[in-house]
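In mature numbering (1 follows the signal peptide of the UniProt record, and there is no 0), the protein residues as written are -29 to -1, 1 to 230.
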């Protein structure tokens, strides 16, 4: 899996607002790279930078005024992190300033998550509700070849440890969903395979961040960054695996209520 930014020098950088006219939902034949990628063209009210000791650690998405979704592995360091160790900066393309800085009061992890692969998802309950506009979770798994936009503050080079710091400003990559068979590292049907190469992909530090789809002119949240598609330590080898959030809607609603 991709590792949080403060464990290993990390990599993509991305961004989007809930209505994103620049993202048409058409798969790009030649996407601009995220490793070495394009600065975000919009401000995304729902985009969060999880921070530990004041440093960017992982991405997350605001799905209701009081809840965010991220990757399970983003809630671990040498062991499970307590909620009090996390802060989230929400709605700023600059992970060092702006937006809303919120505390975390609870981390919800799937039961048996450490012994069962394919459960790279966690929920963060914020210490208080925020006024930022959440992003809706899409109601159905996106079809193969669906256009998707990735966002993050991850490493901008593909090899583990090739960068000593996270980019300050959010970056984005327009790519597409691939058939499950294109990612050899997938373990179950509750994951998405996202196109990528070592020249344009999510990387270390992008973990937990969003894969977005455009449904009828509205951005919806389809996935959360998990790991390389082939389980390689080099980002982009065999695409990238994302947790399929449509497949987790019922579990999410147990804690957050209506979405």
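Glycine included, every Cβ here is placed at the ideal spot set by N, Cα and C. Model, not experiment: these values are computed from the prediction.
Nearest to residue 174 by alpha carbon, out of 158, 121 and 186? For this step, residue 174 is matched to residue 203 along the chain shown. Selected option, being the one with the closest Cα: 121.
query: residue 53: buried (16+ other C-beta within 10 angstroms of its C-beta) or exposed?
result: In the chain shown, the residue the question calls residue 53 occupies position 82. It counts as exposed.
| Roughly how many angstroms lie between the CA atoms of residue 142 and residue 181, to the nearest whole one? | As a working mapping, residue 142 is identified with position 171 in the chain shown. As a working mapping, residue 181 is identified with position 210 in the chain shown. Cα-Cα distance, rounded: 12 Å.
Next item on the list: Inspect the CB distances between the stretch 98 to 105 and the stretch 69 to 82 and report whether three or more fall short of 8 Å.
Entry: yes
Taking 9 Å as the cut-off, decide whether the C-beta atoms of residue 19 and residue 60 are in contact. Here residue 19 refers to the residue found at position 48 when the chain shown is read from its first residue. Here residue 60 refers to the residue found at position 89 when the chain shown is read from its first residue. Contact: yes.
* Asked: Which full runs of the beta strand (DSSP E) of 3+ residues lie inside the stretch 90 to 147, going along the chain?
  -> 93 to 97 and 118 to 123
Taking the Cβ atom as the reference point for each residue, do residue 155 and residue 204 lie within a distance shorter than 9 Å? On the chain shown, residue 155 is found 184 positions in, with the first residue counted as 1. On the chain shown, residue 204 is found 233 positions in, with the first residue counted as 1. No, Cβ-Cβ distance for residue 155 and residue 204 is not below 9 Å.
*Quick one: is residue 37 buried, meaning 16 or more other Cβ sit within 10 Å of its Cβ, or exposed?*
In the chain shown, counting from the first residue as 1, residue 37 sits at position 66. Residue 37 should be labelled buried.
inquiry  = Given a cut-off of 9 Å on the beta-carbon distance, is the pair residue 162 and residue 199 in contact?
reply    = As a position in the chain shown, residue 162 is number 191, starting the count at 1. As a position in the chain shown, residue 199 is number 228, starting the count at 1. No, these two residues do not count as a Cβ contact at 9 Å.
Per-residue DSSP class, three states only, for residue 218 = For the purposes of this step, residue 218 is taken as residue 247 along the chain shown, with counting starting at 1. Helix.
Do residue 94 and residue 238 count as a contact pair if the criterion is CB distance below 9 Å? Missing from the structure shown is residue 238; the chain here goes from -29 to 230 and no further.
Q) Where do the N-terminal and C-terminal ends of the beta strand (DSSP E) with residue 28 fall, by residue? A) Taking the chain shown and counting its residues from 1, one reaches residue 28 at position 57. Run containing residue 28: 26 to 35, per the beta strand (DSSP E) assignment.
Apart from the five residues just before and just after residue 2, which ones in its own chain have a Cβ nearer than 7 Å to its Cβ? In the chain shown, the residue the question calls residue 2 occupies position 31. Its pLDDT being 32, under 50, residue 2 is placed unreliably in this model, and the value from its coordinates should be taken loosely. Here the set comprises 144, 145, 146 and 171.
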